[in-house]
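Engineer: The following block contains the structure, expressed as C-alpha cells.
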Amino acid sequence: MSTKITTLRMLPPAALCVLLGASTVLRAQSANAVEIQIKADQVASHVSPMLYGLMTEEINYSYDGGLYAELVRNRNFKEDSKDPVHWQLVEERGGAGSRSLDATQPFNEAIGSSLKLTVTQASGNQRVGIANDGFWGIPVKPNTPYRASFYAKAAPGFAGALTVAIVSNDGTTAHASAQIPRVTQDWKKYEVTLTTGKASPSAENRLVISTGNPGTVWFNLLSLFPPTWNNQPNGNRKDIMQLLADMKPAFLRFPGGNYLEGNTVATRFDWKKTIGDISQRPGHLNDSWRYWSSDGMGLLEFLEWCEDLHMQPVLGVYAGYSLRGGARFAPGAELEPYVKEALEEIEYVTGDAATTWGARRAKDGHPAPFPLDYVEVGNEDNADRQVGSYEGRFAQFFDAIKAKYPKLKVIATTPVTTRFADVIDEHYYRRSEEEMAFHANDYDTRRRMGQPVFVGEWATRVGDPTPNMSAALGDAAWMTGMERNSDLVIMASYAPLFVNVNKGGMQWQTDLIGYDAMSSYGSPSYYAQKMFSLYHGDNVVPITAQGVPTREWQPPAGRGGFVPPPQAAGRAGTPQPQAPPAGAGRGGRGNQPPPGPQQPPMPQQVPLMFFDATRDSKTGAIYVKVVNRSATAQPVHIALSGVAAVEASGQAIIMSASSPADTNSITEPARIVPITTKVDGLSTNFTRTFPPYSISVLEMKAR
Ligand code: AHR
Numbered sequence: 000m001s002t003k004i005t006t007l008r009m010l011p012p013a014a015l016c017v018l019l020g021a022s023t024v025l026r027a028q029s030a031n032a033v034e035i036q037i038k039a040d041q042v043a044s045h046v047s048p049m050l051y052g053l054m055t056e057e058i059n060y061s062y063d064g065g066l067y068a069e070l071v072r073n074r075n076f077k078e079d080s081k082d083p084v085h086w087q088l089v090e091e092r093g094g095a096g097s098r099s100l101d102a103t104q105p106f107n108e109a110i111g112s113s114l115k116l117t118v119t120q121a122s123g124n125q126r127v128g129i130a131n132d133g134f135w136g137i138p139v140k141p142n143t144p145y146r147a148s149f150y151a152k153a154a155p156g157f158a159g160a161l162t163v164a165i166v167s168n169d170g171t172t173a174h175a176s177a178q179i180p181r182v183t184q185d186w187k188k189y190e191v192t193l194t195t196g197k198a199s200p201s202a203e204n205r206l207v208i209s210t211g212n213p214g215t216v217w218f219n220l221l222s223l224f225p226p227t228w229n230n231q232p233n234g235n236r237k238d239i240m241q242l243l244a245d246m247k248p249a250f251l252r253f254p255g256g257n258y259l260e261g262n263t264v265a266t267r268f269d270w271k272k273t274i275g276d277i278s279q280r281p282g283h284l285n286d287s288w289r290y291w292s293s294d295g296m297g298l299l300e301f302l303e304w305c306e307d308l309h310m311q312p313v314l315g316v317y318a319g320y321s322l323r324g325g326a327r328f329a330p331g332a333e334l335e336p337y338v339k340e341a342l343e344e345i346e347y348v349t350g351d352a353a354t355t356w357g358a359r360r361a362k363d364g365h366p367a368p369f370p371l372d373y374v375e376v377g378n379e380d381n382a383d384r385q386v387g388s389y390e391g392r393f394a395q396f397f398d399a400i401k402a403k404y405p406k407l408k409v410i411a412t413t414p415v416t417t418r419f420a421d422v423i424d425e426h427y428y429r430r431s432e433e434e435m436a437f438h439a440n441d442y443d444t445r446r447r448m449g450q451p452v453f454v455g456e457w458a459t460r461v462g463d464p465t466p467n468m469s470a471a472l473g474d475a476a477w478m479t480g481m482e483r484n485s486d487l488v489i490m491a492s493y494a495p496l497f498v499n500v501n502k503g504g505m506q507w508q509t510d511l512i513g514y515d516a517m518s519s520y521g522s523p524s525y526y527a528q529k530m531f532s533l534y535h536g537d538n539v540v541p542i543t544a545q546g547v548p549t550r551e552w553q554p555p556a557g558r559g560g561f562v563p564p565p566q567a568a569g570r571a572g573t574p575q576p577q578a579p580p581a582g583a584g585r586g587g588r589g590n591q592p593p594p595g596p597q598q599p600p601m602p603q604q605v606p607l608m609f610f611d612a613t614r615d616s617k618t619g620a621i622y623v624k625v626v627n628r629s630a631t632a633q634p635v636h637i638a639l640s641g642v643a644a645v646e647a648s649g650q651a652i653i654m655s656a657s658s659p660a661d662t663n664s665i666t667e668p669a670r671i672v673p674i675t676t677k678v679d680g681l682s683t684n685f686t687r688t689f690p691p692y693s694i695s696v697l698e699m700k701a702r
C-alpha cells in the first residue's frame, strides 16, 4: 500500500458530504489545520434509536465454550457417537475400571447413549471415576459456588457413594467437593453446590465424579455452572454479559448467520429442538462452523439474553435454504412446512398463554410474551444462485407473516422485487482499514427509496483473533458514515461478536470480543463501537470539511475486486461519487456480485480523517466524532453556527494508539481503551489537535 499523503480540499454544498471519493480530491501543498463547519441549529436527519445493536451465532465457540456458562463439554455424549470425548477415566492409588459409551442404556428420546463407568478394583483409599476437561479447562475462582448436576443410575450391586469435585489437572488439589451418599437403580437427577475457598484462579482443572466402591454406574447430562448473569439457571457468563451491557445495544440479531441455515436442512437451527429442559435437547452438529452445538443456548435463552440486556430481538427464521448441495425448498407446497415453522416460532416469542406456542413458552418458564418488531427471512440468500429462488421464498414468508402479524417488519437478506421488504440486510466485510475507509461515505450517495437498510454484518477484518487499532480506525470511519446516514441505515451490527481465543477456538478471524475460560476482553473495535453507541444525539447535524489529508491506496487485484457501492445513484444535493476501486468486496459469502471481467485497479486517494456530528434535541449537547487515521497529530479548526454559545468546558472521549498494529488480548486486555477527560477552551470557533491513530468524541454543551 502506498503511503503518499495528500490533502482533500472540498466544500460541497450538501451537508452530509464530509468526505468523498477520489473524484473530489484536490492535492494540497501542506497539511494545515483541517477546517470543519457544523450547522448546529439544523437537522440533516435523525439517528435511529435502533442503530447500534449486536449480531450473534454459534461460531468461534460463541455459546458453548463462550457466553453460555455451562462448563462441562459434551455433557450428553453427542459430540462423538463412538467415543465419550472430553471424558477421561480416573484411576487413583491402584483403583481400576473402564468408561465407555453405552447405547443399551438410552437416557431419553433425545439422548440415545449413556456413559458407563465400571469399577473393577476399588478398596481402601483407591478411587475410580470420570473426569471432564471442559472447554479448554474448568475455571476455578476463589470463594465461588458452582452448581453441579447430573443424572445417574446404578447397576444392582453398586452400593457406594459418589464424590463430585473440581480437581486440579495434576490431581493434587480438590478445590471443592461434595458427596452423593447413594445412587438408585433408576435414572435420578443429583444436584450439589461446590463452593471453592481461597483457591488461586486457574483453568487447569477438571470436574471429577468418583467412587471408592466396585460396580457399575451410568451417567447422563452432567453439568456445572458458575454464578451467571442475573442468576439465570441456564444462563450466561457474567464477564461477557457485562462487556455487552456496557455497549448498551438496542437489539440482538440471532441465531445467524450461517448457523441459522446449516449445511443441510437437518443441521439448520431447528428451534423446536432447542427449547424445554436441557435434558430433552439433542443438540446438533453445527456443520457451518464444524463443531457440536449443545443447544443449551436455545430460542428461549436467546430471548432471555435480550430481556436481560434490554435489547429488542431481531429474529432470523429459516427460509428453506441451507448452504450445501443446493439444499433449498421450492416456493409453494414444498416450502410451506418451513413457513408454518416460522409462524409457530413467532408465536412462541410473542403469543400469550392462550396460544399453542405461547403456552409452550409459559411451560418452559417464561409466561410473558416477548416484544418483537423485526423478523428476518433467511440469511445472505443471494448466495442461492437459483434464479428467482429467494424472490419466491421471500414472497411466501412475507405474505404469511404479514397476514398473521401485520405489524411485524419483515427483513429481506438481499434485494427482492416480488414484495416491498420493510428492510434490506446488507453485509460488508472489508479486508483492510484502507478498503473500509474508502467505503465509509458510500451511504452519503445512496438513493433514498423508502426502504431502510440493516447493516446486519460488517467488520474491518484486520487482526487475529480480535481486531487491532487499524481495524478499529476503519470501523470508526465506517460508523461515521452509518451514523450520518441513519435515516437510511436504521440498524447495524458488527460480526462476528465472539471468539474463544484458545487454539482451535476460532473459525473466523477478527471477532469483536475475545475470551478464554478465565477472562474476557474487548478489542479496540469493541471500544470504538461502545464510543459510537454511547455518545450521540438523536439528530444528525450538517457538517462539512476542507483540507482533509488523504493517502494513496492501491486496491488489490483479483477476486473481491472492483465493486461499486450499493445503488450509488446519488442523493439530492450531494455530488455523485466516482466509481470506486477494486478491492471493495461486499459481504462475507453474501452480497457478492457474480465475478465479471477484472479491470486493473487504479490507485485511489482515501481520506485520513472522518467526521460526523449529532445533537441531542433535549439537552442541546453536541457530539462531534473525529477519526484520525494518520500517523501525525492533526489540528482541526471547528466552527459552529446556529448556536448562541458553547460552554468552554466539555468532555473528550479519546482512544488512540502508538501504532495501528497495537491491540488488546487476554494478557493485555486494556492496552487500547477510550479515556474520558474534561476539556476546556471550547467555543463556537476553536482549534483542537487530535492524536495520531485516534478515535475521538467531543461532547459540547451548547445554548
Ligand atoms: O459472520 C460470519 C459469516 O459471514 C456469517 O455466518 C455469514 O452470514 C457471513 O457470510
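Letter 402 of the sequence shown, counting from 1, is numbered 401 in numbering that gives the first Met the number 0, and no numbers are missing.
No residue lacks a Cβ here, since even glycine has one placed at the ideal position from N, Cα and C.
Everything numeric in this text was worked out from a predicted model, so none of it was measured.
By a C-beta neighbour count over all protein chains shown, 10 Å radius and 16 as the cutoff for buried, is Val166 buried or exposed?
Structural biologist: buried
Engineer: Compute the distance between the beta-carbons of Ala202 and Gly136, then report whether it is under 8 Å.
Structural biologist: yes
Engineer: Give the DSSP-derived three-state secondary structure of Lys677 in the structure shown.
Structural biologist: strand
Engineer: What are the boundary residues of the beta strand (DSSP E) that Glu456 is part of?
Structural biologist: 452-459
Engineer: May I ask you to check if the CB of Asn257 is nearer than 7 Å to at least one heavy atom of the ligand AHR?
Structural biologist: When distances are taken from the beta-carbon of Asn257 to the heavy atoms of the ligand AHR, the shortest one is below 7 Å.
Engineer: With DSSP as the reference, label Val17 as helix, strand or coil.
Structural biologist: Because the pLDDT of Val17 is 44, which lies under 50, any placement of that residue in the model is unreliable, and the number read from its coordinates should be weighed accordingly. Coil, per DSSP.
Engineer: So the candidates are Glu375, Ala332, Gly319, Arg280; which of them puts its Cα closest to the Cα of Leu251?
Structural biologist: Glu375
Engineer: For the ligand AHR, is there any heavy atom lying closer than 7 Å to the beta carbon of Glu57?
Structural biologist: no
Engineer: Give the single residue among Glu34, Val42, Glu335, Gly513 whose Cα lies nearest to the Cα of Ser485.
Structural biologist: Val42
Engineer: In chain order, what residues of the same chain have a beta carbon less than 8 Å from the beta carbon of Met49, not counting five sequence neighbours either side?
Structural biologist: Ala249, Phe250, Gln311, Ile489, Met490
Engineer: Flag Asn378 as yes when its Cβ comes closer than 7 Å to any non-hydrogen atom of the ligand AHR, and as no otherwise.
Structural biologist: yes
Engineer: How many Å lie between Ala571 and Leu697 at the Cα?
Structural biologist: Confidence is the limiting factor: at Ala571 the pLDDT is only 24, short of 50, which leaves the residue's position unreliable and the question unanswerable from this model.
Engineer: Locate the alpha helix (DSSP H) running through Ser176, then write down its first and last residues.
Structural biologist: Run containing Ser176: none in the alpha helix (DSSP H); it sits in the beta strand (DSSP E), 173-179.
Engineer: Where does Glu78 land, buried or exposed, given buried means 16+ other C-beta within 10 angstroms?
Structural biologist: buried
Engineer: Cα separation between Val461 and Ser469?
Structural biologist: If you take the alpha carbons of Val461 and Ser469, they lie about 7 Å apart.
Engineer: Since Asp679 and Ile671 are thought to touch, with beta carbons under 8 Å apart, how far apart are those beta carbons, to the nearest angstrom?
Structural biologist: So it is not a contact: roughly 26 Å between Cβ atoms.
Engineer: Please confirm whether any heavy atom of the ligand AHR lies closer than 7 Å to the CB of Trp477.
Structural biologist: Annotation for Trp477 indicates a beta carbon at 7 Å or more from all heavy atoms of the ligand AHR.
Engineer: Asn59: buried (16+ other C-beta within 10 angstroms of its C-beta) or exposed?
Structural biologist: In this structure Asn59 is buried. Its beta-carbon is surrounded by 16 or more other beta-carbon atoms within 10 angstroms.
Engineer: How far does the beta strand (DSSP E) with Val338 in it extend, from its first residue to its last?
Structural biologist: In this chain, Val338 is not harboured by any beta strand (DSSP E); it is covered by the alpha helix (DSSP H) spanning 335-349.
Engineer: Are Ala651 and Lys700 close, meaning C-beta to C-beta below 8 Å?
Structural biologist: Here Ala651 is not near Lys700, since their CB atoms are 8 Å or more apart.
Engineer: Ignore the nearest five residues each way along the sequence and tell me which others in Glu646's own chain have a CB closer than 6 Å to its CB.
Structural biologist: Lys700
Engineer: Bridge partners for Leu284 per DSSP, in chain order?
Structural biologist: Trp291
Engineer: Would you give the residue range spanned by the alpha helix (DSSP H) that Lys624 belongs to?
Structural biologist: Counting along the chain, Lys624 falls outside any alpha helix (DSSP H), though it belongs to the beta strand (DSSP E) covering 621-627.
Engineer: Could you please give the first and the last residue of the uninterrupted alpha helix (DSSP H) stretch that includes Phe301?
Structural biologist: Following the DSSP letters along the chain, one finds Phe301 inside the alpha helix (DSSP H) bounded by residues 298-307.
Engineer: Should Glu303 be labelled buried (16 or more other beta-carbon atoms within 10 Å of its own) or exposed?
Structural biologist: buried
Engineer: Apart from the five residues just before and just after Val191, which ones in its own chain have a Cβ nearer than 6 Å to its Cβ?
Structural biologist: Here the set comprises Ala147, Val163, Ala177.
Engineer: Please report the Cβ distance between Ile637 and Ser695, rounded to the nearest whole angstrom; I am assuming they are in contact, meaning their Cβ atoms lie under 8 Å.
Structural biologist: Ile637 to Ser695, Cβ: 12 Å. No contact.
Engineer: Can you determine whether any heavy atom of the ligand AHR sits closer than 7 Å to the C-beta of Glu456, and answer yes or no?
Structural biologist: yes
Engineer: Please find out if some non-hydrogen atom of the ligand AHR comes closer than 7 Å to the beta-carbon of Ala491.
Structural biologist: no
Engineer: Leaving out five residues on either side along the sequence, give the residues of the same chain with a beta carbon under 6 Å from the beta carbon of Ala130.
Structural biologist: Gln87, Val89, Arg205, Val207
Engineer: Note down, in chain order, each residue of its chain lying with its Cβ closer than 7 Å to the Cβ of Pro673, except the 5 sequence neighbours on either side.
Structural biologist: Tyr526, Met530, Ile652, Ile653, Met654
Engineer: Take Ala153 as the anchor and find which of Asp132, His174, Ile179 has the nearest alpha-carbon.
Structural biologist: Answer by Cα proximity: Ile179.
Engineer: By the three-class DSSP mapping on this structure, what secondary structure does Gly569 have?
Structural biologist: Because the pLDDT at Gly569 is just 28, under 50, the model does not fix this residue reliably, and the point stays unresolved.
Engineer: Can you list, in chain order, the stretches of the beta strand (DSSP E) that have 3 or more residues and sit fully within the stretch 114-147?
Structural biologist: 126-131
Engineer: What are the start and end residues of the beta strand (DSSP E) that includes Ala491?
Structural biologist: 488-493
Engineer: Starting from Glu379, trace the beta strand (DSSP E) in both directions and tell me its first and last residue.
Structural biologist: Unbroken run through Glu379: none, as it is neither H nor E.
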